[in-house]
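Worksheet for the structure shown next.
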Amino acid sequence: MYYSATRKILYVMILAGSFLIILGFWHYLPHSHSSETPNSVFMSITAKRIVFPLVGVILTALGSTLLKFVGEVEKETISLRDEIINLKKKVEKNSNNSFS
1 MYYSATRKIL YVMILAGSFL IILGFWHYLP HSHSSETPNS VFMSITAKRI VFPLVGVILT
61 ALGSTLLKFV GEVEKETISL RDEIINLKKK VEKNSNNSFS
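Rendered as structure tokens:
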């Protein structure tokens, strides 16, 4: 209803986190390198092995937590709206009875 855009963003966040986890684990697969490969390439691969899964787990956890939070906020909003409608009906009924 009101939170559809927020939900879409959170689903994208969860998917991006999952993709980063998979990409990080992909770097653990053996790759062939020549003997002249500079050390910076190996350092970059090692950094990606650590950073990608870590960021992916953080994004996935944050996205799923916020998605649950948005669901709870939406339930509370609907509950409050229904309660306000019921109170408004009671006030209108009492005001009509007092004028009679």
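Under UniProt numbering, read the sequence shown as residues 1 to 100, first letter to last. We put the CB at the ideal spot given by N, CA and C, even for glycine.
Quick one: using the 10 Å Cβ neighbour count with 16 as the cut-off for buried, is isoleucine 14 buried or exposed?
Taking the sequence shown and counting its residues from 1, the one referred to as residue 14 is at position 14. Answer is buried; the Cβ neighbour count reaches 16.
Sorted by chain position, which residues of the same chain lie with C-beta nearer than 8 angstroms to valine 70's C-beta, five sequence neighbours on each side aside?
Indexing the sequence shown from 1 puts residue 70 at position 70. Cβ within range, chain order: Tyr3, Thr6, Arg7 and Leu10.
Taking 7 angstroms as the CB-CB limit, is serine 40 close to chain D?
Chain labels in this structure do not include chain D; a single protein chain is all it has.
Rounding to the nearest angstrom, what Cα-Cα distance links lysine 93 and glutamate 72 in this structure?
The residue given as residue 93 occupies position 93 in the sequence shown. The residue given as residue 72 occupies position 72 in the sequence shown. So the two alpha carbons sit approximately 32 angstroms from each other.
Residue range of the alpha helix (DSSP H) that leucine 20 falls in?
Along the sequence shown, read from residue 1 onward, the residue named residue 20 stands at position 20. Element bounds for leucine 20: 4-26.
Does the contact criterion of 3 or more C-beta pairs under 8 angstroms hold for the stretch 48-62 versus the stretch 20-27?
Enough Cβ pairs lie closer than 8 angstroms, so yes.
Would you call residue 103 buried or exposed, if buried means 16 or more other Cβ atoms sit within 10 Å of its Cβ?
Since the first residue shown for the chain is 1 and the last is 100, residue 103 is missing from the structure and cannot be characterised.
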